[in-house]
Amino acid sequence: MPQHRIFTTAFSSVYPLYVQKAERKNRTKDEVDQIICWLTGYNHAGLEQQLAQQSDFATFFAQAPAINPNTTLIKGTICGIRVEEIEDPLMQKIRFLDKLIDELAKGKAMEKILR
């Protein structure tokens, strides 16, 4: 089965879209970074390095220091699909990130987003 196109998409090309989505709803780039770091275990320098290297999503998540164990608490739908039921581990991580950014854009408090 061929890989999904998002796996080979550069994380750095999607990152500005996450930031724009948040900023349109009066949230900040720092909040987006905080969510990404919470999910992946990257620190700010590590995140910046991944962006500078233009790592694809597969590499970005493969090199993540530690996926947060509380990801099991992320529930709901993204693009009509329940994130907790996605079978492909990489796709699930990408959708977890999408879900968290959506929650940020919808005005949810950071304490609730970062379970």
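For the sequence shown, the positions run 1 to 115 when my numbering is used. A virtual CB, placed ideally from N, CA and C, is assigned to each residue, including glycine. Since the structure is predicted, the reported quantities are computational estimates derived from the model, not experimental observations.
In whole angstroms, what separates the C-alpha of residue i from that of residue j?
{"i": "Pro53", "j": "Lys108", "result": "In the sequence as displayed, the identity of residue 53 is Gln instead of Pro. Rounded to the nearest angstrom, the two C-alpha atoms are 31 angstroms apart."}
{"i": "Lys25", "j": "Val83", "result": "23 angstroms"}
{"i": "Gln34", "j": "Tyr42", "result": "10 angstroms"}
{"i": "His44", "j": "Ala66", "result": "14 angstroms"}
{"i": "Thr59", "j": "Gln49", "result": "12 angstroms"}
{"i": "Thr71", "j": "Leu39", "result": "7 angstroms"}
{"i": "Gln92", "j": "Ser55", "result": "18 angstroms"}
{"i": "Thr8", "j": "Leu90", "result": "11 angstroms"}
Hey, residue i and residue j are a contact pair by Cβ (cut 8 angstroms); roughly how many whole angstroms apart?
{"i": "Val32", "j": "Val19", "result": "5 angstroms"}
{"i": "Asp134", "j": "Ile86", "result": "Absent from the structure is residue 134, since the part of the chain shown begins at 1 and ends at 115."}
{"i": "Ile94", "j": "Leu104", "result": "With a Cβ gap of about 16 angstroms, Ile94 and Leu104 do not count as contacting."}
Taking buried to mean at least 16 other C-beta atoms within 10 Å of its own C-beta, is residue i buried or exposed?
{"i": "Leu97", "result": "buried"}
{"i": "Ala62", "result": "exposed"}
{"i": "Ile81", "result": "exposed"}
What first and last residue would you give for the alpha helix (DSSP H) that runs through residue i?
{"i": "Lys29", "result": "29 to 40"}
{"i": "Asp122", "result": "This structure cannot settle anything about residue 122, because the visible part of the chain is limited to 1 through 115."}
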